[in-house]
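Single-structure report; data block below.
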DNA sequence: TTGTAGGCGTTATCAC
DNA sequence: GTGATAACGCCTACAA
């Protein structure tokens, strides 16, 4: 494997018999270059198979050519789908995609510190994570344009869905079917994240119930975390109550799958004796016939990139809040309550 | 949002009353630095909240501090899980993770060309993709240390599983249960990829059948591609044959889910009248009680990083081939054949 | 042990 | 239009 040292702008300049400056102008297609000269340079570039050094360019321009994405738990299908949206949008740009996956608190700190230097990425997208005050301050100090996707903070531009409306939608559907004992199962927001999506969805459910003269009874609420296994256990707890809820709204499809499993293990027919609604509409939801609240996951990633590129192109302005629609998708896990 | 210009090595030097060279030595913990001086420098660094510029360092050292990962179809759970393994391993290193997701052929070309400049990443991991000759040549020319994970090519170091053995394992299990009409459903390797995992698994199945004096009948083989939807259709075709297979080995868990769906739609009880085996043991396989061949997905990513770091640290040598074990996991979708 | 200074490959600001 | 020539921030001989 012979590795020839990569040609530099110098070699091109020499071969084309011009200065480095001129080559650079051609590279960045500056207007003021004689067509003949330009062609000579282009020929030299082709001949040498020259590609500019991204690093050197970065040092000179102060930009890196990379966009960072902070994602929690690549185990969650919804997060992966959002990430795909980001990647798809970025594929049409010259930016590389640097992924910071955060699965532990320590890692979270590390990442924020890494970013301290406005030097790793030109822009940042934070997926499904709301920074706490300390992190906010750090990120802010770097001056790196930052967008939140599925995260809330008034000082950042962000793309969100109306989670309260989603929760309301789910509950309304159940109420219309005649349910009265409705439960909620979501992940437990760390107390410092005041506005986790799951919590907002719960608020939506509670609101819909209240409008119907009912209440979301505390014993019908479980906030055990998203892994299916955990959700299954929490679901089993709900089903063991007397009387048990006749319907459960879940904070995510994954959690809904856990509940379905709990129902199956307890031989409780769905939707005969229990209705279940998920959230997200990940691929498997369709396959399993799960009624759910659909949100545009992939699209949210794309929009995040659009917002970020806009922010990076200088148009500062105050933070934008872009809201994507949610939609009820009725499938086979919801029906009228028993008797 | 006030953005103070980030402090440079110069500022640190000034504050600590030493030269830039000394600061640099402290940064790269060179042995020859007076403890007292070192401490002064460290204090200055802390005080200024200084973080070295990765770009400047890169220009100087010729390294980027990033590892690239080329992944196809982030929609496949197995690929995501491998990626997680890579990310986890990288989290303990100073390297950033740059993800190149490839979901279209054009994008594939773009990525390879981007890499032409040995300038974006210091090392490369290619996940679940076997480069064709042209790509191979390009990658090779860059001189970027490259590792294949779940990909085959004798000129690259790689971490693989014994897919033939996996296929054999699956078929043997079915044979022991008494099955004789065994089918296979996998994704169709583009013809230029001679050794796709799916194909190897099929070869394993065929081998086991042959050892038992049977053959893998062509009409019992479908290679329709991995999406669940496609697999469902292909599965339905198999089930419509007369006589239909009594068992189907699938090239992935996702495909197995498609087959299960086809069976459900056709009201064919599993494992009563049909046994199904998947491949990978992704999370949902456990939840759904799918019998499958487990391969260490997460671990394969970690091992890939280990191999890559070794390769990058110079120890050239010839390509290494590291093989991870596969294992039969019997759950609820396999049983004796009908009658 | 520490300081000095050249170089990494570009871009950008000057003159010409 | 084009050519010098500073930056950009760091690393690393080479001196001292």
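Residue numbers (this note's numbering), protein chains in the order written: chain A, 27 to 365; chain B, 27 to 365.
C-beta: ideal position from N, C-alpha, C; glycine also.
May I ask you to list the residues that DSSP assigns as paired with residue i?
i                      : result
residue 104 of chain A : In the DSSP output, where bridge partners are listed per residue, residue 104 of chain A has none listed.
residue 246 of chain B : Residue 246 of chain B is not bridged to any residue.
residue 150 of chain A : A:94 and A:172
residue 274 of chain B : B:209 and B:302
residue 314 of chain A : The partner list for residue 314 of chain A (beta bridge, DSSP) is empty, contrary to what the question assumes.
residue 183 of chain A : A:173
Pick helix, strand or coil for residue i, following the three-state DSSP scheme.
i                      : result
residue 50 of chain B  : helix
residue 333 of chain A : helix
residue 64 of chain A  : helix
residue 45 of chain A  : coil
residue 240 of chain B : coil
residue 87 of chain B  : helix
residue 359 of chain B : coil
residue 350 of chain B : strand
residue 198 of chain B : helix
residue 208 of chain B : strand
residue 320 of chain A : strand
residue 75 of chain B  : coil
residue 290 of chain B : helix
residue 296 of chain A : coil
residue 128 of chain B : strand
residue 123 of chain A : strand
residue 34 of chain B  : coil
residue 344 of chain B : coil
residue 372 of chain A : Lying before the first or after the last residue shown, residue 372 of chain A is absent from chain A, which here runs from 27 to 365.
Out of curiosity, what's the CA-to-CA distance linking residue i and residue j?
i                      : j                      : result
residue 218 of chain B : residue 159 of chain B : Any reading at residue 218 of chain B needs caution, since the residue's pLDDT is 45, under 50, leaving its predicted position unreliable; the model's value is listed next. Their Cα atoms are separated by approximately 9 Å.
residue 79 of chain B  : residue 37 of chain A  : 27 Å
residue 85 of chain B  : residue 84 of chain A  : 9 Å
residue 250 of chain A : residue 147 of chain B : 40 Å
residue 128 of chain B : residue 152 of chain A : 22 Å
residue 365 of chain B : residue 277 of chain B : 27 Å
residue 133 of chain B : residue 336 of chain A : 24 Å
residue 55 of chain B  : residue 317 of chain B : 53 Å
residue 292 of chain A : residue 297 of chain B : 21 Å
residue 155 of chain A : residue 97 of chain A  : 7 Å
residue 99 of chain B  : residue 198 of chain A : 37 Å
residue 239 of chain A : residue 262 of chain A : 27 Å
residue 294 of chain B : residue 253 of chain B : 21 Å
residue 326 of chain A : residue 101 of chain A : 18 Å
residue 192 of chain A : residue 303 of chain A : 11 Å
residue 203 of chain B : residue 255 of chain A : 31 Å
residue 351 of chain B : residue 187 of chain B : 6 Å
residue 273 of chain A : residue 230 of chain A : 15 Å
residue 93 of chain A  : residue 339 of chain B : 27 Å
residue 314 of chain A : residue 236 of chain B : 37 Å
residue 321 of chain B : residue 117 of chain A : 31 Å
residue 178 of chain B : residue 206 of chain A : 58 Å
residue 286 of chain A : residue 333 of chain B : 42 Å
residue 51 of chain A  : residue 32 of chain A  : 20 Å
residue 232 of chain A : residue 182 of chain B : 57 Å
residue 290 of chain A : residue 284 of chain B : 20 Å
residue 399 of chain A : residue 275 of chain A : Residue 399 of chain A lies beyond the residue range present for chain A, which begins at 27 and ends at 365; the question has no answer from this structure.
residue 354 of chain A : residue 234 of chain B : 48 Å
residue 126 of chain A : residue 135 of chain A : 11 Å
Residue i touches chain A at which residues, Cβ-Cβ below 7 Å?
i                      : result
residue 106 of chain B : 100 and 106
Just the chain A side, please: which residues come within less than 8 Å of residue i by C-beta, in chain order?
i                      : result
residue 343 of chain B : Within chain A, no residue comes near residue 343 of chain B; the closest Cβ sits about 12 Å away, beyond 8 Å.
Can you pull the chain A residues whose beta carbon is under 9 Å from the beta carbon of residue i, in chain order?
i                      : result
residue 113 of chain B : 100, 125, 126, 127 and 129
Name the chain B residues that come within less than 8 Å of residue i, Cβ to Cβ?
i                      : result
residue 109 of chain A : 100
Chain-ordered residues of the region 303-317 of chain A with a beta carbon less than 8 Å from chain B: Of all residues in the region 303-317 of chain A, the ones placed with a Cβ closer than 8 Å to any Cβ belonging to chain B are 309, 310 and 313, in chain order.
According to a CB-to-CB cut-off of less than 8 Å, which residues of the region 116-127 of chain B neighbour chain A? For the region 116-127 of chain B, the beta-carbon criterion of a distance under 8 Å to any beta-carbon of chain A is satisfied by 117, 122, 123, 124, 125, 126 and 127.
At a CB distance below 8 Å, what residues from the region 72-98 of chain B approach chain A? Give them in sequence order. Flagged, chain order: 75, 77, 78, 79, 80, 81, 82, 84, 85, 90 and 92.
Mind listing which residues of the region 276-302 of chain B have their C-beta closer than 9 Å to chain A's C-betas, in chain order? Residues passing the 9 Å Cβ filter: 283, 284 and 287.
Chain A contacts made by the region 187-216 of chain B, where a contact means CB separation under 7 Å: Near chain A, meaning a CB-to-CB distance below 7 Å, no residue of the region 187-216 of chain B qualifies.
With 7 Å as the C-beta to C-beta threshold (strictly closer), list the residues of the region 245-259 of chain A near chain B in chain order. Within the region 245-259 of chain A, those residues whose Cβ lies closer than 7 Å to any Cβ of chain B are, in chain order, 254.
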